[in-house]
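Structure, as structure tokens:
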Amino acid sequence: MNTNKLNTIFWEDERVDGADKVTGKARYTAEHSLPNLAYAVFVTSTIAKGTIKNLDVSKALEMPGVLDVIYYANCPVVPGYNSNAAERPKNVSEWRGHKVLYDNKVRFFGQPIALIVADSLENANAAIRFVKADYEIEKFETNFDKARLDAANLKAPINYKRGTGNTKTVAATADGEYTIPIEVHSPMELQATIAYWEAEDKLLLYDKTQGPKSTQGTVARTFGLPEKNVRVIAENVGGAFGSSLRSWSNVPAACIAAKKLNRPVKLVLTRPQMFSLIGYRPQSWQKVNIAVDAEGNFLSINHEAISNTSRYEDFREGIVDVSKFLYACENVTTKYSLLPLDLSTPIWMRGPGEATGCFALESAIDDLSYQLKMDPIALRIKNFTTINPENKLPFSDINLKACYEYGAEKIGWKNRSAVPGKLKENGWLIGYGMAVGVFGAGKGAASVRIVLSNDGKLLIECAVSDMGPGTTTSMTKIAAEAMQMPIAKIKFKLGDSDLPPGPSQGGSGTTSTVGSAVDLACKTVQQKLKEMAIQFAPVFAGATADALEVKNEMVLLKADATKNMDIVGLLKSANQEKIDLIINSTGKTPEQLKFTSNSFSSHYVKVAVNAQNGKIKVLEVVTTGDAGKIISPKTARSQMIGGVVGGIGMALSEKLDIDHATGQIINASFGDYHVPLHSQIPKTDAWFVNKPDLNVNDIGAKGIGEIALIGFAAAVSNAVYNATGKRVRDLPITPEKLGFKTAKV
1383 MNTNKLNTIF WEDERVDGAD KVTGKARYTA EHSLPNLAYA VFVTSTIAKG TIKNLDVSKA
1443 LEMPGVLDVI YYANCPVVPG YNSNAAERPK NVSEWRGHKV LYDNKVRFFG QPIALIVADS
1503 LENANAAIRF VKADYEIEKF ETNFDKARLD AANLKAPINY KRGTGNTKTV AATADGEYTI
1563 PIEVHSPMEL QATIAYWEAE DKLLLYDKTQ GPKSTQGTVA RTFGLPEKNV RVIAENVGGA
1623 FGSSLRSWSN VPAACIAAKK LNRPVKLVLT RPQMFSLIGY RPQSWQKVNI AVDAEGNFLS
1683 INHEAISNTS RYEDFREGIV DVSKFLYACE NVTTKYSLLP LDLSTPIWMR GPGEATGCFA
1743 LESAIDDLSY QLKMDPIALR IKNFTTINPE NKLPFSDINL KACYEYGAEK IGWKNRSAVP
1803 GKLKENGWLI GYGMAVGVFG AGKGAASVRI VLSNDGKLLI ECAVSDMGPG TTTSMTKIAA
1863 EAMQMPIAKI KFKLGDSDLP PGPSQGGSGT TSTVGSAVDL ACKTVQQKLK EMAIQFAPVF
1923 AGATADALEV KNEMVLLKAD ATKNMDIVGL LKSANQEKID LIINSTGKTP EQLKFTSNSF
1983 SSHYVKVAVN AQNGKIKVLE VVTTGDAGKI ISPKTARSQM IGGVVGGIGM ALSEKLDIDH
2043 ATGQIINASF GDYHVPLHSQ IPKTDAWFVN KPDLNVNDIG AKGIGEIALI GFAAAVSNAV
2103 YNATGKRVRD LPITPEKLGF KTAKV
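Residue numbers (our numbering): 1383 to 2127.
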């Protein structure tokens, strides 16, 4: 037998689910169907705050096909809606967030106040206008900029202080206020749930979720069910960016309706409802002050932030955290406060916290570079550190200097003018900017089932989801490399809570966590095969497991590869149909906990600004990632390009507009909320250091999804300043904010 048949197919970089997705074979939540399926739609409030004095549903109930209208007066009891812990059963936890259909209180404009269930979606929608609400309106506040000026509106801050204060001579200071509006996730797939009670205490859910196990636990605790009696299926997730990291009102509403009607119910949010019912990046205000000496050493960093939350629930994220550790600085002070408003609750959005914080921090550093007449990259290198200043632990690995070198070379940094507003091409002002991003690189616990069948095929299962980054592809490639077998013979199954537990897909931890479990599972199977070979294959008589290796679908002797046996033949000789194991992988080891682990990025942008009307074009992007070993270059590059797209939107166009006289969102559509167009995405070079970080996990891989976006808006802002000499600290950057009249598109 040819022992050198290691095929290039091991290293193929095509998405293993690509064909299914482009041909329509892949099914998303709302595309599933069950017998006797009913359709539900929300009726939403037309005020921002108050009480429903009366809700008339009589005419809606008379409409063709309408099966029920569920609201606070007829909603069945939900155990998890009880806020009195003493009255709740031990297996019930209080529902976190807005309790849909529970009471007659209105807490934000667009809040669901009733659920119409009908025999078709058309009939359900037709009945909406026949539900009449009589409100008692209360005074409300949705204006962040106005409310934050009164300290009495803020919740108690979280404070941090390091150092005794600067006593050295200050050569320059960057001091500025930065604001970012509410931004929404805008995934392609609408939030959806199909609920079906298979028995009184057994529930099947098809749900758009980033965490099947998380949703399973939430629903079980809300309805007082054994967790094993709730099954959540999320075969494919059509983008989420953090919006599906928790269960929203559509989940309990569908469960309530299905139970009440004793039939499966599908509930899909509308596109406008996606702007108000599944969270958003909170609006924020930041103030950053950085003092430096004449050589550019950071003497002190002060970072203050305020972000909004809802009245009924606190949502916090790490906006100021990046200032505590990204650069060497002895004296750091941060302050973070929440501002409750009469809006729905925010949620994590790609690069949560750090994307907001890095915009302010990296813009302030750019300010300093001009004051010091120092290159922005050189200033960052001056304050580079291999030790996390916050916890004093060494970074598991940090290769930002390599990123700086590559990015500067590829973007043509040498062409950048050190004086803003001096460089022109074809009548347009030209500017170059860069910025850094960082995010934690964790490793959690996960379990996988691995099955090697006697037909030579390998199946691996885990209850993780895949919202688009290519988890299925990455896990398949990890298994192919570990087992040294063709990708075509490996299947990775996910998206079902009945599978072994895996993490929610968020925070850039999936590859590290689940990938480590897959790698461990493959190594365990290899060990089993070696032991089996010694027992059942005479050719290995007297050999030890250490003397054998598994590759090319064979077990072979390291010292003499001619002594081998193929895996299929071995399993048959052992009279085994399969090797079937559940493998549990834990979090970081004690040795790995001696390090702080992060992924890093640096972004480089060339922009053109029309000198007549202020129109901004992003001409070229180089984006670099320091994220350990790159498992799948193609999907990793896609992640970085996705971050570029999101970063351009964050910098130049995205903003949720609210009419503060009514509390209503006034641009809840893709026509009015401006995400970047294909024509606005320039030539992009995505590059990775691609150096395994074995201080994080055994596969050496770290997350990419968050760092792809974090810092990018600052890079664009810094480039615009370099082009125009005008610093915009209020996103998005527009011609008007640069002092121009409205630019024609």
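Beta carbons: idealized from backbone N, C-alpha and C, even for Gly.
Quick caveat, the model's predicted, so the values are computed rather than measured.
Using only alpha-carbon positions, find the residue among the options that is nearest to residue i.
i	options	result
Val1950	Pro1594, Glu1677, Gln2021 and Lys1933	Lys1933
Val1499	Thr1411, Arg1613, Arg1530 and Leu1649	Leu1649
Ile1660	Ser1689, Ala1635, Arg1645 and Arg1628	Arg1628
Ser2061	Ile1729, Asp2039 and Gly2031	Gly2031
Ser1666	Ser1981, Leu1720 and Gly1620	Leu1720
Phe1766	Gly1678, Asp1450 and Leu1643	Gly1678
Pro1646	Asp1703, Tyr1709, Tyr1578 and Gly1624	Tyr1578
Phe2094	Asp2008, Met1816, Asp1942 and Gly2007	Met1816
Ser1967	Ile1495, Phe1491 and Thr1906	Thr1906
Met1936	Gln1994, Gln1866 and Ser1955	Gln1866
Pro1771	Ala1870, Gly1838 and Gly1545	Gly1545
Gly1838	Gly2028, Cys1457, Lys1873 and Thr1426	Lys1873
Leu1708	Leu1775, Ile2048, Glu1863 and Thr1727	Leu1775
Thr1691	Ile1759, Ala1529 and Val1830	Ala1529
Leu1449	Glu1476, Lys1431 and Glu1504	Glu1504
Asp2067	Val1820, Gly1794, Phe1977 and Ser1979	Gly1794
Leu1531	Asn2104, Ile1759, Pro1722 and Gly2053	Pro1722
Glu1582	Pro1569, Phe1623 and Asn1644	Asn1644
Asn2104	Asp1748, Phe1918, Val1830 and Lys1859	Asp1748
Asn1957	Val1801, Gln1917 and Phe1977	Gln1917
Gly1346	Leu1419, Arg1603 and Cys1785	Because the chain in this structure spans residues 1383 to 2127, residue 1346 falls outside the shown range and cannot be described.
Phe1821	Ala1943, Pro1972 and Thr1978	Thr1978
Gly2007	Phe2122, Gly2085 and Met1756	Gly2085
Is any heavy atom in the ligand MG found nearer than 8 Å to the beta carbon of residue i?
i	result
Lys1905	Of ligands this structure carries none, so the ligand MG is not represented either.
For my contact list, residue i and residue j are in at a C-beta cut-off of 8 Å; report their separation, rounded to the angstrom.
i	j	result
Tyr1484	Tyr1454	6 Å
Gly2082	Leu2076	5 Å
Val1566	Leu2038	6 Å
Gly2087	Pro1728	Not quite, the Cβ-Cβ distance comes to about 19 Å (not below 8 Å), so this is no contact.
Ile1688	Leu1536	7 Å
Ala1509	Ala1422	Actually they are not in contact, since the Cβ atoms of Ala1509 and Ala1422 sit about 11 Å apart, beyond 8 Å.
Ala1861	Leu1840	6 Å
Glu2002	Pro2064	5 Å
Ala1412	Ala1639	Not confirmed; about 16 Å, so no contact.
Can you name the residues that DSSP bridges to residue i?
i	result
Thr1555	Ala1673
Lys1796	Looking at the DSSP assignment, Lys1796 forms no beta bridge with any residue, so it has no partner.
Pro1494	Thr1426
Leu1841	Val1833 and Lys1873
Thr2006	Ser1984 and Trp2069
Phe1922	None, per the DSSP bridge assignment.
Pro1776	Ile1769
Ordered along the chain, which non-local residues of its own chain (more than five positions away) have a Cβ less than 8 Å from that of residue i?
i	result
Ser1705	Val1670, Ile1683, His1685, Val1714, Thr1716, Gly1739 and Leu1743
Glu1959	Ser1835, Asn1836 and Leu1953
Thr1390	Confidence at Thr1390 is low in this model, with a pLDDT of 39, below 50, so its placement is unreliable and the value that follows should be read with caution. Cβ within range, chain order: n/a, list empty.
Thr1433	Asn1486, Lys1487, Val1488, Tyr1517, Glu1518 and Glu1520
Lys1407	Ala1401
Exposed or buried, what is residue i when buried is set at 16 or more other beta-carbons lying within 10 Å of its beta-carbon?
i	result
Leu1761	buried
Ile1429	buried
His1985	buried
Leu1902	buried
Asn1386	Because Asn1386 sits at a pLDDT of 38, beneath the cut-off of 50, its placement in the model cannot be relied upon, and the point is left open.
Lys1590	buried
Gly1824	buried
Pro1446	exposed
Arg1511	exposed
Thr1926	exposed
Gln1909	exposed
Val1801	exposed
Between residue i and the rest of its own chain, which residues show a CB-CB distance below 7 Å, the 5 nearest in sequence each way excluded?
i	result
Leu1681	Asn1548, Lys1550, Val1552, Ala1673, Val1674, Asp1675 and Asn1713
Asp1962	Val1833
His2042	Thr1524 and Asn1525
Ser1898	Lys1825, Ser1967, Asn2079, Asp2080 and Ile2081
Which same chain residues end up closer than 6 Å to residue i when comparing Cβ atoms and leaving out the 5 residues on each side of it in sequence?
i	result
Gly1884	Ala1828, Cys1844, Ala1845, Val1846 and Val1896
Leu2113	Ile1562
Glu1396	none
Thr1855	Arg1397, Val1398, Ser2014 and Thr2017
Pro1494	Phe1424, Thr1426, Val1482 and Ser1631
Phe1657	Val1566, Ile2047 and Ala2050
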